[in-house]
Amino acid sequence: MNMRPTLPLLALLLAPLAALHAKDQVPSTPTPGDARDVRIIRTADQEPRASLLGQPSIALWKEKHLVVAYQKGIAGKGDMGSIDAVVSTNDGDTWSIPSVIFDHEQRHGALQFAYCNAVLYHPPGQEVLWCFAMRCPLNYHDSEDSHLAAAYSGDGGRSWNPVELAMQYTGPLVILGEIQRIIENGQPVYLLPAHRNTKRADSHGQREQFVLRSTSLLDWSLGGYVPQPEPGKIFLHEGQIAVLNEEHHLKMVMRTAEGRKEGGALNPPRAWSSTSADGGKTWSIAQEEPELWNTVSEAWFGQSRTGTQFYVYNDGPAWSRMALRYKIKPPSGAWSDERTFFDAGIHNSYPTVIETVPGEFRAVWDSGDEKRHRRSISFGKLTLKK
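In structure tokens:
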């Protein structure tokens with residue numbers, strides 16, 4: 009007598025085991041997430057001399073006119089390179105060919121510079137778009153000992169003019185967070201988060217998060233440093249500032265890492281934050297954000313015009329940088345459960361987000377494939393829902 013089960017019966021018997029095993033597997037068709045109209049706006053294949061495309065920034069010039077700046081890396085130089093910009097006049101549907109903002113091949117006398125981490129900013133009511141970045145001599149090994157550089161555009165990002173800044177702060181810095189504007193004594197004050205990481209090349213160097221202040225966007229001075237409960241224990245960096253209310257109370261959420269070794273995630277892996285009630289001149293002692301995941305990866309933090317705080321980040325272990333998730337925190341509420349911003353089974357990192365109208369956002373980030381990162385610049389739209 010044939011005791012072997014028939015194929016339908018065998019499938020029925022194995023189904024529970026298959027379902028149990030499937031819980032531990034990555035889905036073959038990942039859910040893209042809540043970001044819509046996602047598209048690639050520039051790829052490494054279009055830039056054959058670039059070792060990577062990364063760290064993009066986005067700004068709104070006027071209605072439906074968007075500008076994105078991004079870095080083109082130099083092989084063997086980590087995150088150093090040139091910075092280009094592309095323009096869309098139809099809300100991101102199509103994009104122009106790139107224009108050059110900072111060119112690492114351009115000579116300045118006997119010097120050549122490499123650039124990193126573009127930060128675009130369009131001052132309200134002004135017909136000028138700014139791009140701030142880091143600049144260091146091309147012969148440096150990496151960009152950790154950079155200084156502030158700037159250029160401006162008067163035609164919506166199609167052409168750029170370099171500017172030499174008048175700096176009251178003259179030390180090395182790393183920038184990445186967006187500029188925020190407040191009003192003090194009837195005049196605008198601009199706030200630019202920055203950090204110092206001189207410890208990589210100097211055992212007696214420093215790793216400190218701080219803020220620069222300016223009334224002109226040309227002349228920058230030191231605001232305040234972010235203190236820690238135990239100085240040096242945590243590397244607070246790549247902070248993002250939100251203006252919380254009309255009294256100009258500020259909150260800065262920062263990327264974190266072990267302060268006494270290179271590249272290690274905290275345990276538990278969390279972002280930390282600090283607040284200021286005097287326009288960034290002084291900051292509270294930093295503290296852990298229990299609901300905000302961070303594993304040594306840049307995250308975006310801001311507040312919408314409706315008062316909802318918004319945090320976009322990479323989940324997973326340190327340096328994996330695959331899926332982008334997000335959380336929101338309504339006024340007088342708690343942080344939401346984790347939501348998926350974009351997850352396509354590929355590398356994604358360095359998100360930057362702007363609000364075009366209340367509750368409506370445009371975002372850019374760098375993407376790769378299953379094994380490589382920073383191979384393209386991605387763009388998407390998001391409607392913030394409760």
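For the sequence shown, our numbering gives the first residue as 9, with consecutive numbering after it.
Here a beta-carbon is modelled for each residue, glycine too, at the ideal position from N, C-alpha and C.
Owing to the predicted nature of the structure, the values given are computational and were not obtained by experimental measurement.
Comparing alpha-carbon positions, the option among A67, W138 and K393 lying closest to G367 turns out to be K393. The beta carbon of R263 lies closer than 8 Å to those of L244, H245, E246, G247, A279, N302, V304, S305, E306 and A307 in the same chain, with the five residues before and after it left out. A direct Cα-Cα distance of roughly 34 Å separates G310 from G84. Q134 is the residue among L184, R215 and Q134 whose C-alpha sits nearest the C-alpha of S224. If you draw a straight line from the Cα of K259 to the Cα of S284, it is about 7 Å long.
A straight line joining the alpha-carbon of W168 with that of S104 spans about 15 Å. In the three-state DSSP reduction, D53 falls in the helix class (H, G or I). Looking from the CA of H116, the closest CA among G41, V320, G324 and P170 belongs to P170. In this structure, DSSP gives N98 a state outside helix and strand, which the three-state scheme calls coil. Residue state for E246 is assigned as strand, using DSSP reduced to three classes. A check of alpha carbon separations from S375 across L390, P359, L173 and F369 identifies P359 as the nearest. Here the C-alpha atom of A118 lies approximately 43 Å from the C-alpha atom of F369. Measuring C-alpha to C-alpha distances from E152 to each of L199, E216, P106 and H112 identifies E216 as the nearest. Around the CB of H212, fewer than 16 other CB atoms lie within 10 Å, so the residue is classed as exposed. The alpha-carbon separation between E297 and S222 amounts to approximately 29 Å. Judged by beta-carbon spacing, L60 lies beyond the 9 Å limit of T51, meaning their Cβ atoms are not closer than that value. Cα atoms of L300 and V76: separation of roughly 27 Å, rounded to the nearest angstrom. Taking the CA atoms as reference points, A122 sits about 27 Å from K379. Here R347 really is in contact with K335; their C-beta atoms are around 7 Å apart, less than 8 Å. In the three-state DSSP reduction, I293 falls in the coil class, being neither helix nor strand.
With contacts defined as CB atoms closer than 9 Å, Q176 and L146 fail to qualify as a contacting pair. A Cβ-Cβ separation of about 15 Å leaves D345 out of contact with A331 under the 8 Å criterion. Relative to H203, the option among N193, L184 and T316 whose CA is nearest is L184.
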